[in-house]
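Taking it in order: structure first as structure tokens, then the write-up.
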DNA sequence: AAGTGTGGCGCG
DNA sequence: AAAGCGCGCCACACTT
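Structure, rendered in structure tokens:
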């Protein structure tokens with residue numbers, strides 16, 4: 014059995030179908046919901062098929078709760094999103110016609126503490142189709158599409174599906190979180206936790222100071238329009254209240270105001286309420302949304318996993334006897350660009366561990382800071398300021414890399430689509446965009462329409478310019494994660510030996526006794542592992558990054574060096 | 001009272 | 001009111 018398809022029928026019963034290499038239907042098994050866990054456990058142990066299901070987020074959490082893991086899957090919802098739009102699929106017609114599969118993420122478990130036993134088996138009308146017939150039909154369409162497309166698209170679907178498994182596993186295991194340390198950080202910055210609705214002590218003091226400096230005892234610091242008016246009344250020449258602008262102004266109100274804004278952000282985004290809501294049993298349980306960003310990056314929904322402030326990183330703390338292996342890739346996106354474009358000069362600049370230093374050595378810019386601004390500007394489409402000024406030099410030094418992003422931008426300006434290295438295609442511009450472009454080319458077009466059309470065309474060009482790089486970087490990261498996950502599965506907790514750690518029970522039955530991924534943020538990962546296994550984990554992390562580079566780019570000279578650390582607390586940086 | 005838009009800021 | 005991409009979340013302000 015190569016694949017095992019699972020469908021949940023309208024009556025709540027589950028049908029499993031084994032499929033062979035050719036996709037022919039094999040054994041059919043009917044299961045009551047309560048039998049699913051044992052069936053998957055046994056089938057996984059005996060044959061480790063690739064599980065085919067409508068939506069990983071609907072199947073996997075219930076299995077993980079019982080300690081059952083699966084090695085591989087094919088997530089039909091995520092694969093549909095890629096295949097129905099990919100320029101590499103010669104005939105996307107059948108997939109596009111199956112519009113019921115074009116649904117976004119929905120949180121299958123929005124209220125974890127509220128058990129709705131009776132709804133558990135009820136089909137959801139708004140969700141992706143889940144019956145066995147629909148599941149098999151969609152799988153057949155997707156296999157046909159993949160068979161007619163170049164091989165890297167199958168790689169992308171496999172990586173995306175592995176990402177779906179990992180996202181569910183990350184949610185189940187949670188991030189080891191020291192709520193006491195978090196509280197200490199908050200108390201240091203804000204003062205003791207105030208009564209509900211009250212301002213923390215230090216913020217209250219700063220608010221008084223702001224009021225005094227503005228000579229306005231009634232100023233509303235939390236309302237940007239009112240604050241702006243108060244600042245202008247006090248004679249400050251500002252157009253907004255945002256940091257980047259007011260930081261330039263000399264006035265006694267500025268230092269306490271900037272400080273207040275920092276604290277206000279900390280309190281509202283990651284304050285005591287956040288701990289109450291997201292941390293339980295020493296774990297922070299964020300919700301990741303694989304494929305949630307058009308470029309293929311993950312998004313998060315609830316808990317803000319992808320915006321965790323650096324200030325709070327020390328609150329990540331490993332369990333007793335356990336530690337973290339943390340790794341991030343140095344300058345992932347420029348390296349991906351160098352590999353995609355085959356730009357030998359840029360590959361050479363990345364030969365060391367610091368690509369920006371390499372760019373300086375190549376002689377096109379004078380300082381590391383200039384190199385960074387120039388490279389980011391090249392990938393984002395900067396046209397003005399320091400960044401815009403430096404980009405043309407890059408164009409001379411790294412012509413192949415720049416040609417690739419410049420062409421992606423031109424395609425977008427014309428309203429075309431671009432495609433990542435493995436085959437994820439960008440969306441077409443919206444109707445409004447098309448109408449504006451059409452209107453601007455008519456004989457009687459107003460100068461204003463022409464200006465607007467040009468502006469939004471360039472906006473879309475910057476989007477497609479960045480899409481190919483950000484999207485391919487996301488593919489590299491998925492490949493890294495997927496490969497690492499399989500390597501971690503091979504690291505065994507030897508029951509007889511002493512790893513010096515008690516099981517991490519808060520990580521759940523599937524992860525209490527093994528090194529497991531605990532955090533992911535675009536180009537960095539954190540693995541929670543027994544201390545005695547940290548060396549093996551470090552090797553796995555390093556090897557998987559090299560494997561990801563080979564998988565995507567073969568023998569490309571570009572490498573992807575990691576910064577790897579072992580520490581029971583995530584570094585303060 | 002509930003929904004929508006905006007400013008502002010955290011992350012890569 | 002970012003110049004220069006992609007996000008999520010919060011509070012406030014405004015609309016229905």
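In this note's numbering, the protein residues as written are 14 to 586.
Glycine included, every Cβ here is placed at the ideal spot set by N, Cα and C.
As the structure is a prediction and not an experimental result, all values here were calculated from the model.
For residue 100, the secondary structure class from DSSP, reduced to helix, strand or coil, is coil.
In this chain, the alpha helix (DSSP H) harbouring residue 52 covers 49-60.
Here residue 301 is bridged, per DSSP, to 313.
Here DSSP, grouped into helix, strand and coil, assigns residue 454 to helix. Around the beta carbon of residue 286, fewer than 16 other beta carbons lie within 10 angstroms, which makes this residue exposed.
DSSP, read as helix, strand or coil, puts residue 277 in helix. As a beta-bridge residue in DSSP terms, residue 27 pairs with 21 and 44.
Excluding sequence positions up to five before and after residue 234, its CB lies within less than 7 angstroms of the CB of 220, 223, 240 and 273, all in the same chain and listed in chain order. When rounded, the separation of the alpha-carbon atoms in residue 317 and residue 259 is 27 angstroms. In the same chain as residue 103, and ignoring 5 residues on each side of it, the C-beta atoms closer than 6 angstroms to its own belong to 161, in chain order.
Pairing residue 573 with residue 504, the inter-Cα distance amounts to about 24 angstroms. In this structure, residue 501 keeps its C-beta atom at 7 angstroms or more from the C-beta atom of residue 522. Per the C-alpha coordinates, the member of 30, 43 and 18 positioned closest to residue 24 is 43. CA-to-CA, the gap between residue 580 and residue 314 works out to about 28 angstroms.
Spatial neighbours of residue 384 in its own chain (CB-CB distance under 6 angstroms, excluding positions within 5 residues in sequence) are listed in chain order as 369, 372, 373 and 378. Excluding residues up to 5 positions away in sequence, 26 lie with their Cβ nearer than 7 angstroms to the Cβ of residue 45 in the same chain. Secondary structure of residue 441 (DSSP, three-state): coil. A Cβ-Cβ contact shorter than 7 angstroms links residue 340 with residue 538. The beta carbon of residue 82 sits closer than 7 angstroms to those of 523, all from its chain and outside the five residues before and after it, given in chain order. One alpha carbon belongs to residue 250, the other to residue 269, and they sit about 18 angstroms apart. When the five nearest sequence neighbours on each side are left out, the beta carbons in the same chain lying within less than 7 angstroms of the beta carbon of residue 551 are those of 338, 577 and 579, in order along the chain.
For residue 216 against residue 276, the beta-carbon gap comes to about 5 angstroms, under 8 angstroms, which counts as contact. Annotation: the continuous alpha helix (DSSP H) that includes residue 174 extends over 164-186. Within the DSSP secondary-structure output, residue 537 pairs in a beta bridge with 341. Look at residue 335 here: in three-state DSSP terms it is strand. Beta-bridge annotation (DSSP): residue 190 is paired with 329.
Residue 187 sits close to residue 297, with the two beta carbons spaced by under 7 angstroms.
Under the 8 angstroms Cβ criterion, the stretch 80-100 counts as touching the stretch 428-436, having at least three qualifying pairs. Annotated as proximal: residue 425 and residue 474, with beta-carbon spacing under 7 angstroms. Taking a contact to require three or more Cβ pairs closer than 8 angstroms, the stretch 484-499 and the stretch 406-417 do not qualify as touching. The stretch 76-94 and the stretch 165-181 touch, with no fewer than 3 CB-CB distances between them shorter than 8 angstroms.
DSSP lists 330 as the bridge partner or partners of residue 582.
Spanning the alpha carbons of residue 14 and residue 191 requires a straight line of approximately 44 angstroms. When secondary structure is reduced to three states using DSSP, residue 65 falls in the strand class. In the pairwise beta carbon analysis, the stretch 111-119 is classified as not touching the stretch 557-569: fewer than three pairs are separated by under 8 angstroms. By the Cβ-count criterion, residue 71 is buried, with 16 or more other Cβ atoms from all chains shown falling within 10 Å of its own Cβ.
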